[in-house]
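Below is one structure, written out as structure tokens, with a few remarks after it.
Protein chains in written order, with the working numbering: chain A, 1 to 393; chain B, 394 to 786.
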């Protein structure tokens, strides 16, 4: 049995409003790109995992995993759909990773896909609230913008985080997205643009919020034996952590930290034998600007309460000490909810392979991805690197 | 890393119309029963997997896995929802199994749950069609009874399978359910009752069809080290196979066999070093009576086309040579779709522990469970036994 697993292929569709493509078209496009990038034949794929949050409600289609294998010509391999709201993609990646560690498989595809624009906006928002607590949150009309607005207000109150600091998160992400041809909104915005954009749920404005998006992403994972044989630039999984918290925000001890992110990242750091300061770049779940600030703190990149300052000081920019969301983040690339966790892996792999052109982080040999479900009930962290850790156990 | 995994605890709710209980109540009840039965403390559980098909549409709740851990007091352990339509339960079981094989976990809960009766009947039927092909089947009005009616008609035409033989499947399942206090319909029926029940989609009558049900089931799995230390009667996983086929029925080469079942069962037999004739008893996915007949053939219990005769000759009864659905099957126990795959495991474990009273199969030391999604796009087979196979690899 292998103890090391690498990403050997990546692919994604443009994240966009795809009126001319269905979910099956998008997932197939991403999957084929990843398999081609890996340089393997479809017949060598042992299994498929797909992250998807809510195709049942968005398009009336459950049972998405065998549909994806069928469309990609991969039958009869085992196919698994994983769902953890907006962390469905990272969950699929993690289960794919474990399936190789288990000895059951050697080469697997982990994909994520969501087709959100077939529903009109208000119905899409209601569907997304399936990630919250139906009995205690969504049934009384709360939306995720509302929940994150409560979180933002608490963070501002306790730590003096400013409206401008929140805006700077979106400004940084949009600046990076200009160089990402797969991004839904590849254009620069200013702090003033954010602050003057319409209020959605005070203090959050439209430009604090990730958009509704269609898209898919896929990666190919392989055991060490396969990866060393066929991959030119394998990117290794160094650590994987996942944790859960209450679905309902009111059940938490604190509004200003996500306990699940702390547990999940600690586990991933332990497995990778790394500390937060060792991380070269990170993909962080900026569904709303406040979540990037809180996540920066919970991942240990700075002290609790100092996230706003960290952003304001430019530490998260391409040239900063801890580049974050170097390709645009959820805000500017778009957030097809089930696809985002895989898209984060795709972009870290691109960075570690040196394929990012003007947004390339030079000398990076590792990256961290944080994918969050709901208002923090699921948190999944992966650390990837260009060199495998020595196996000590 | 362990190479052997055992089921050390089981629990389930009554399968019924549960107007007074929500999905979270049902899943918690089953989970706590399984943990108590295992004799472990909640704090020793490393992870939770839950199979659920469509809570997003049935009750407006996705992100079910952390909700289940939260309600059971198990936070912050990692929680994974698996979905493969009516095979979601077996998928959760299989992923839980692999998570232990991977070395990541030692004790995990695998659960399945569905709350179907909160929607009115026609909406529930439409929701279930999420398991079919949305673009080519459900959008034009096909239901699963319609799809299985096509399968039944083809089987009758090609092999002379009779209307009475179909009815005998339901008769056997109902007879066994009389002794199952968890069953939704624990009462005997006759061939005449089935044949005279209302036509749903010719040739299938009401009493050929599994019902709409609320319920949950859960099991605790453990590594060999843990199982040998704490379980009085561990039941070992000897084989696990899963395969995929086209979602749309019209894309298949044959209407009268399920290719995915053949691939999945061959894999499970291989892993268990067993043949069909070695199986002592089986839980077979009788969502519609015809599917039990086809599955008996595809599992290799008899030749293709001879399934009807196999049933007519009484071979599937409690005292027959291949007892099938000894506790009532989907037809009589009920079919809360995400829970069924786990309920099958629960009932095999009950048989192998000798806890089944008047429906006990004496001397059984192994059992097979077949859980099918949609019209056969997902098929998952597990073989369990009282003694672990020698590990040869």
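The beta carbon of each residue, even a glycine, is placed where N, CA and C say it ideally should be.
Top-ranked residue by Cα proximity to residue i, from the options
{"i": "residue 63 of chain A", "options": "A:82, A:161 and A:385", "result": "A:82"}
{"i": "residue 775 of chain B", "options": "B:599, B:646 and B:738", "result": "B:738"}
{"i": "residue 227 of chain A", "options": "A:163, A:37 and A:86", "result": "A:37"}
{"i": "residue 74 of chain A", "options": "A:109, A:87, A:103 and A:57", "result": "A:109"}
{"i": "residue 244 of chain A", "options": "A:197, A:171 and A:261", "result": "A:261"}
{"i": "residue 744 of chain B", "options": "B:605, B:403 and B:396", "result": "B:403"}
{"i": "residue 95 of chain A", "options": "A:121, A:48, A:72 and A:66", "result": "A:48"}
{"i": "residue 426 of chain B", "options": "B:611, B:478, B:508 and B:533", "result": "B:611"}
{"i": "residue 641 of chain B", "options": "A:27, A:51, A:50 and A:70", "result": "A:70"}
{"i": "residue 267 of chain A", "options": "B:661, B:499 and B:471", "result": "B:471"}
{"i": "residue 380 of chain A", "options": "B:433, B:417, B:617 and B:459", "result": "B:459"}
{"i": "residue 137 of chain A", "options": "A:117, A:257, A:224 and A:375", "result": "A:375"}
{"i": "residue 730 of chain B", "options": "B:652, B:678, B:493 and B:648", "result": "B:678"}
Reduced DSSP secondary structure (H/G/I, E/B, other) of residue i
{"i": "residue 28 of chain A", "result": "helix"}
{"i": "residue 458 of chain A", "result": "There is no way to answer for residue 458 of chain A, as the model of chain A reaches only from 1 to 393."}
{"i": "residue 163 of chain A", "result": "helix"}
{"i": "residue 624 of chain B", "result": "coil"}
{"i": "residue 37 of chain A", "result": "helix"}
{"i": "residue 760 of chain B", "result": "strand"}
{"i": "residue 398 of chain B", "result": "strand"}
{"i": "residue 694 of chain B", "result": "coil"}
{"i": "residue 18 of chain A", "result": "coil"}
{"i": "residue 393 of chain A", "result": "Model confidence at residue 393 of chain A stands at a pLDDT of 48, short of 50, so the residue's coordinates are unreliable; what they give is reported in the following sentence. Residue 393 of chain A falls in the coil class under three-state DSSP."}
{"i": "residue 240 of chain A", "result": "strand"}
{"i": "residue 213 of chain A", "result": "coil"}
{"i": "residue 645 of chain B", "result": "coil"}
{"i": "residue 364 of chain B", "result": "With chain B represented from 394 up to 786, any question about residue 364 of chain B goes unanswered, as that position is not in the structure."}
{"i": "residue 59 of chain A", "result": "coil"}
{"i": "residue 141 of chain A", "result": "coil"}
{"i": "residue 578 of chain B", "result": "coil"}
{"i": "residue 514 of chain B", "result": "helix"}
{"i": "residue 375 of chain A", "result": "coil"}
Chain B residues whose Cβ lies nearer than 9 Å to that of residue i
{"i": "residue 387 of chain A", "result": "Going along chain B, no residue has its Cβ under 9 Å from residue 387 of chain A, so there is no contact; the nearest lies around 22 Å."}
Chain-order list of residues whose beta-carbon lies under 6 Å from that of residue i (same chain, five-residue window excluded)
{"i": "residue 282 of chain A", "result": "324 and 368"}
{"i": "residue 401 of chain B", "result": "431, 613, 615, 620, 624 and 627"}
{"i": "residue 394 of chain B", "result": "Annotation note: pLDDT 48 at residue 394 of chain B (below 50); position unreliable, no value reported."}
{"i": "residue 84 of chain A", "result": "91, 373 and 378"}
{"i": "residue 567 of chain B", "result": "581, 582 and 725"}
{"i": "residue 44 of chain A", "result": "107"}
Partner residues on chain A for residue i, Cβ-Cβ distance less than 8 Å
{"i": "residue 524 of chain B", "result": "62 and 63"}
{"i": "residue 415 of chain B", "result": "135"}
Cβ of residue i within 8 Å of any chain E Cβ
{"i": "residue 770 of chain B", "result": "No chain E appears in this structure, whose protein chains are A and B."}
Neighbourhood of residue i by C-beta, 8 Å cutoff - its chain only, sequence neighbours within 5 removed
{"i": "residue 752 of chain B", "result": "569, 572, 573, 711, 719 and 720"}
{"i": "residue 306 of chain A", "result": "159 and 297"}
{"i": "residue 596 of chain B", "result": "542, 545, 546, 549, 556 and 559"}
{"i": "residue 16 of chain A", "result": "184, 213, 214, 215 and 334"}
{"i": "residue 275 of chain A", "result": "269 and 300"}
Amino acids of chain A, ordered along the chain, whose beta-carbon sits closer than 7 Å to that of residue i
{"i": "residue 635 of chain B", "result": "78"}
{"i": "residue 496 of chain B", "result": "101"}
Cβ neighbours of residue i in the same chain (closer than 7 Å, five flanking residues each side left out)
{"i": "residue 389 of chain A", "result": "238, 272 and 273"}
{"i": "residue 320 of chain A", "result": "314"}
{"i": "residue 593 of chain B", "result": "538, 599 and 602"}
{"i": "residue 406 of chain B", "result": "419, 422, 423, 608 and 609"}
{"i": "residue 526 of chain B", "result": "640 and 641"}
{"i": "residue 56 of chain A", "result": "62"}
{"i": "residue 705 of chain B", "result": "558 and 561"}
Check: residue i C-beta below 7 Å from any heavy atom of the ligand ZN
{"i": "residue 733 of chain B", "result": "Absent from the structure shown: the ligand ZN. Ligands present: none."}
Contacts of residue i in chain A (Cβ-Cβ under 9 Å)
{"i": "residue 531 of chain B", "result": "60 and 61"}
(message) Beta carbons nearer than 7 Å to chain B: which residues of the region 66-83 of chain A have them?
(response) 66, 67, 69, 70, 75, 76, 77, 78, 79, 80, 81, 82 and 83
(message) Residues of the region 539-554 of chain B in Cβ contact with chain A at a cutoff of 8 Å, in chain order, please.
(response) none
(request) Would you list, in chain order, the members of the region 82-101 of chain A that have their beta-carbon closer than 7 Å to a beta-carbon of chain B? (result) 82, 83, 84, 85, 91, 95, 98, 99 and 101
(request) Using a Cβ-Cβ cut-off of less than 7 Å, give me the residues of the region 244-270 of chain A that come near chain B, in sequence order. (result) 244, 245, 246, 247, 259, 260 and 263
(request) For the region 439-453 of chain B, enumerate the residues whose C-beta is nearer than 7 Å to any C-beta of chain A, in chain order. (result) 446, 447, 449, 450, 452 and 453
(request) Scan the region 357-381 of chain A for residues whose Cβ lies nearer than 7 Å to a Cβ of chain B and list them as they occur along the chain. (result) 373, 374, 377 and 378
(message) Using a Cβ-Cβ cutoff of 8 Å, what residues of the region 407-438 of chain B are near chain A? List them in chain order.
(response) 415 and 417
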